[in-house]
Structures are given as structure tokens and as C-alpha cells.
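With my numbering applied, the sequence shown closes on residue 153, and no number is skipped along the way. First the structure, in the form of C-alpha cells, and then the observations on it.
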Amino acid sequence: MSLRKEGFVAIAAVACADGLLRKDESNGLLVAARDAGLSAAELAEVERALKDAVPLSDIDFSALTGAERALTYSLAHWLAAVDGIVNAQELATLRQLASKLELPELQLKAAAAAAFDIVCLPSGHRPEKFQFKDLEARLREKLPALMSR
């Protein structure tokens, strides 16, 4: 499975929410976007979103599948938590993202739990070492019906 550009732009919005985007967080997201198969033009849009915080209200989520929505939320949750602290701005943006994605609460919790599982791995706090496929695999375990669609 791949994640569309809109998912990565939304993740960038969460990452930029506190105004403290680290270079390794930015690089980690770009690596994940590249691993997901985004084109060079789409990668450039994600990179712009990391520099010019795009409001979630400007993103059209309508084309994202349920699996992509869960993956978007999970990646956003991971990136917000990767420094060990999810501050008030990040939490508010995560909540706004959850609302925009329109996933049931149980699926949001499973997506957040998958992100937590990855954060707990030895390299989980190192965004530049993030493995997109590992998170996708954890989501498949936690949300098998949604992720198989």
C-alpha cells in the first residue's frame, strides 16, 4: 500500500504544529513519503508543507481510503511523539486531524497504538531511521479488516 500526498501533507501539518520541527523529523517524513512511492513533484509538495505549515482545512481528504486515513493518523501520531513529548499544539492538531479523517474512535486508538509500538522499538525515536513498512505491518495486525481493503 502507498499513502497519497494528501496524507503526508496532513502529517506535515501535525509535525509543524508546535513550530519546533527538527531536521531529523522533516527528513524522516520525506523518507517515508519516498518509500510510499510519491513522485518527485509530490515530494516537493510535502517538503513545501514542512516549510510552510499547511492548515488541515486546506487539505482534501476525500480521496483517501480508510486504510490511508488510518496510516495518516498513525504516522502523524508517531511523528508528534517521536521526541518523547506530545505538546498541547500537537495534540490539538492531532485531534483536528482525527476529526477530518472521520475514522471511528476505535480505529483511531488502534492507529495510535501502532505508532506507539514503533516508537518503542530501539530506533523508534530516530525519525531518520523510521520504517514506513513496519508501521504499515503493525496497522495490518491492529486493523486487519480496514487495512485489507
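Heads up, the beta-carbon is just placed ideally off N, CA and C, and yes, glycines get one too.
Check	Outcome
Do you know whose CA, among Gly32, Asp87 and Ala16, lies nearest Glu49's CA?	Ala16
Rounding to the nearest angstrom, what Cα-Cα distance links Glu51 and Leu34 in this structure?	7 angstroms
Between Pro131 and the rest of its own chain, which residues show a CB-CB distance below 6 angstroms, the 5 nearest in sequence each way excluded?	Note that Pro131 has pLDDT 48, beneath the 50 cutoff, so the model's placement of it is unreliable and no number is given.
With DSSP run on the structure shown, which of helix, strand or coil describes Ala92?	helix
Since Ala115 contacts Leu98 with CB under 8 angstroms, what's their CB separation in whole angstroms?	So it is not a contact: roughly 11 angstroms between Cβ atoms.
Could you check where the alpha helix (DSSP H) with Asp121 kicks off and where it finishes?	Glu109 to Val123
Does the separation of the CB atoms of Glu140 and Leu68 fall below 8 angstroms?	no
Nearest to Ala102 by CA position, among Val18, Arg8 and Leu7, is which residue?	Val18
Could you round the C-beta distance between Glu10 and Asp56 to whole angstroms and report it? I think they count as a contact, below 8 angstroms.	The Cβ separation is near 16 angstroms, so there is no contact.
Which of the three DSSP states, helix, strand or coil, is assigned to Asp28?	helix
Use the C-beta contact count for Ser6: other C-beta atoms within 10 angstroms, 16 or more gives buried, fewer gives exposed.	exposed
Take Glu94 as the anchor and find which of Cys20, Pro148 and Asp62 has the nearest alpha-carbon.	Cys20
Give the straight-line distance between the Cα atoms of Gly88 and Ala14, rounded to the nearest whole angstrom.	20 angstroms
For the putative contact between Lys146 and Ala119, defined by C-beta atoms under 8 angstroms, what is the C-beta separation to the nearest angstrom?	With 8 angstroms as the limit, Lys146 and Ala119 do not qualify as a contact, their Cβ atoms being about 10 angstroms apart.
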